[in-house]
Amino acid sequence: MCSAPDEVLVIKSTRFDFEPHKKARAQEEMHLDLQNEPGDILLRITLRTGTRKIFFNDRARKSMGDGWGKEQSASLESVCGDPGVKITVHNCSTSGPNRYQILVGLITVGYFDSRISGPWTNITYTNKNIWLKKGSYPLKTFAVLSSSLKVRRYKIADLLPEERQAFSWEE
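Heads up, the sequence shown is in my numbering, so the first residue is -7 and it goes up one at a time.
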């Protein structure tokens, strides 16, 4: 569980490639979901091949509609280029709904105000194809991130000083 403002979640991937492969007939979409015990998605982070953006959303499990909030996006132009990546999530709320700071490397790429409160208890990672041509199938999967990720939780106080400086707190 990671909900305290003094903790961060770090997701490491050996692959970070947004370029659509010339042989791919589908766009790849990757989701990292932070879920709570009832199954709400407190934060969904989405990356898509062919874009240089990161997308954020949340979803209430019990809803009269589909439960999804308004998707937000941020540019990744300033952080693309390295073969691997560290995506860091920091819940910078001290009270009320969760406010997440999302970093790629040590660069803040965006903030997301979740409509859903509470700590996350589960993380899921999925890759899926978005078919560009009806009835076509990709020759091979060309995902933005590697097929397996390393996920760790850190106390901010235990990080190096230059790493601690990257995080903000709610005012």
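Even for Gly, the Cβ is constructed at its ideal location relative to N, Cα and C.
Exercise. On the DSSP bridge assignment, give the partners of Val101 in chain order.
Key: DSSP, once it has assigned bridges, lists no residue as partnering Val101.
Exercise. Go ahead and label Asp25 buried or exposed: buried means 16 or more other beta carbons lie within 10 angstroms of its beta carbon, across all protein chains shown.
Key: buried
Quiz item: Can the beta-carbon of Ser160 be found closer than 8 Å to that of Gln93?
Solution: In this structure, Gln93 lies closer than 8 Å to Ser160 by Cβ.
Quiz item: Under 8 Å, do Ile33 and Arg51 count as touching if we go by C-beta distance?
Solution: yes
Exercise. Counting only the same chain and skipping the five closest in sequence on each side, list residues whose C-beta sits under 7 Å from that of Ile99.
Key: Ser70 and Val71
Quiz item: Do you know how far the Cα of His82 is from the Cα of Arg144?
Solution: Spanning the two alpha carbons is a distance of roughly 12 Å.
Self-check item: Residues sharing a beta bridge with Thr80, DSSP
Solution: Val2 and Leu95
Practice problem: Could you tell me the distance, in whole angstroms, from the CA atom of Glu29 to the CA atom of Thr118? | Solution: 19 Å
Quiz item: In this structure, does DSSP put Arg53 in helix, strand or coil?
Solution: coil
Quiz prompt | Proximity of Lys78 and Gly61 at Cβ, strictly below 8 Å | solution = no
Practice problem: Give the secondary structure of Asp25 by DSSP, where H, G and I count as helix, E and B as strand, and everything else as coil. | Solution: strand
Quiz item: What are the residues that DSSP puts in a beta bridge with Ser85?
Solution: Answer by DSSP bridge pairing: none, since Ser85 is not bridged.
Self-check item: CB-CB length for Ala149 against Asp(-2), believed under 8 Å
Solution: 7 Å
Quiz item: Who are the near neighbours of Arg107 in its chain, counting only those whose CB is closer than 8 Å to its CB and skipping five residues on each side?
Solution: Asp50, Ala52, Gly61 and Pro89
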